[in-house]
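Residue numbers (the numbering used here): 37 to 386.
Ideal Cβ placement from N, Cα and C applies to all residues, glycine included.
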Amino acid sequence: MTSDSDSEEYDSDEYPELFPNLDALSSLVSSSLNQQLTKPWTRLTRGLSHEIWVSQSDSGLQLVARLSRIEEDPRKLLSEVSTMDYVKRHTTILVPTVYLLEINHNNQVGMQYMIMERMPGVHLYKLWDELSLNHQISLIGDIANVLIQLASLEFPKIGMLDEEFNVRSFYALRKFSVAEPTEKPADHALFDDSQGPFSSTVEYLQAFIQRIRFYPGLPSAVSSALDEVHAIIRKYCHTHAQDSFLSPPFRLIHGDFDGQNILISRPTDKNPPCITAVIDWENSYVGPLYFLYEYPIFIQDMSWSREYYSRNAILRRHFAERLNVIDWFPRDKCSTLNTFRDVFILSGEY
């Protein structure tokens, strides 16, 4: 959402408008950057969690303001900024520079906000189907290289990065699709333990199950089903405890690495498209290699786009070859973990 797209068209999901104090925002940004804004703030997108506004300074600096629709945990916002900083320091992955972060929602603007560099490029999903196969293969290599660099960042535990780049607890594990409890259960310590940090993959996965058990009035049938899932996950992780894709060290994972959050250049007669930025790190975390090395969604086969199956097969092979895991993908990707991920991990938002 921080792209310097082809036009300033309003790309909205039609969520309710926010009404920030734009004069206050301009004043705060100008003071922080010691630059005057030469373009008025323009709303670019209106999403579920944020609104995106854009502007420009007198030095030509392109700016993005990400405004929070709901109050976010300050620790999560700080973790997102720390993660981007860590990636900039330790890889060549292009990520936005964050100029200003306001974690207190009671401020002059009227909501939490983050001011970032507006990165050049076009969202990959907007161009993907227009690209030639050779250009898609080139981009798949670039995407694999991003994952290779993230895989080089190793950590002893699973969790989220703090401001000192230490792995700390998840400030909000993904929510399961049942009503949230109005307050923590009596056993606060056990509830907090379910947020990490975790020393093993099995602890991490079981935490999603454990959190559901805290919901009041949980039906006995659901409780029994959770017992079965718990046993399956424990057995699988025990069997594969020494496998590198589940065991420490753990790796940095973007959390939403898709065509919406990858910006690319347009191809020319002389140059193929290339990645110009990876954006939106708000769901990033440290986790098992298994969940980092995933086929991008746009080269997976979907029933509604069968005409791309043969192309996708070619691209998946190139992707696996570039990652040097040509045998690992079909052998070690399994329905047990994939189904658990889809049902328990991806069923909500952080």
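Asked	Found
So, for SER63: in the same chain, excluding its five sequence neighbours on each side, which residues have a beta-carbon less than 7 Å away from its beta-carbon?	none
Sort out for me which residues DSSP pairs TYR149 with in a bridge.	LEU103, GLU138
Compute the Euclidean distance between the alpha carbons of HIS159 and ILE335, then round it to the nearest angstrom.	16 Å
Compute the distance between the beta-carbons of GLN231 and PHE206, then report whether it is under 8 Å.	yes
Going by alpha carbons, who is nearest to ASP279 out of SER104, PRO308, VAL238?	VAL238
Since PRO56 and VAL145 are thought to touch, with beta carbons under 8 Å apart, how far apart are those beta carbons, to the nearest angstrom?	5 Å
Assign LYS193 to buried or exposed, taking buried as 16 or more other Cβ atoms, counted over all protein chains shown, within 10 Å of its Cβ.	buried
Quick check: LEU136 and ARG105, are their CB atoms within less than 8 Å of each other?	no
Measure how close the beta-carbons of GLU190 and PRO308 come, nearest whole angstrom, since I'm counting them as under 8 Å.	No, GLU190 and PRO308 are not in contact; Cβ-Cβ is about 31 Å, not under 8 Å.
Sorted by chain position, which residues of the same chain lie with C-beta nearer than 6 Å to HIS290's C-beta, five sequence neighbours on each side aside?	SER320
Have a look at ASN202, TYR344, ILE362, SER168 and flag the residue whose alpha-carbon is nearest the alpha-carbon of GLU305.	Per the sequence presented here, residue 305 reads as Asp, with Glu not at that position. The shortest Cα separation from ASP305 among ASN202, TYR344, ILE362, SER168 belongs to SER168.
Using the C-alpha atoms, what's the distance from ALA257 back to ILE184?	42 Å
Residues in the same chain with beta-carbon distance under 8 Å from LYS124, minus the five sequence neighbours each way, listed in chain order, please.	VAL131, THR133
Would you mind reading off the limits of the beta strand (DSSP E) that contains GLN246?	Not the beta strand (DSSP E): GLN246 falls in the alpha helix (DSSP H), residues 237 to 249.
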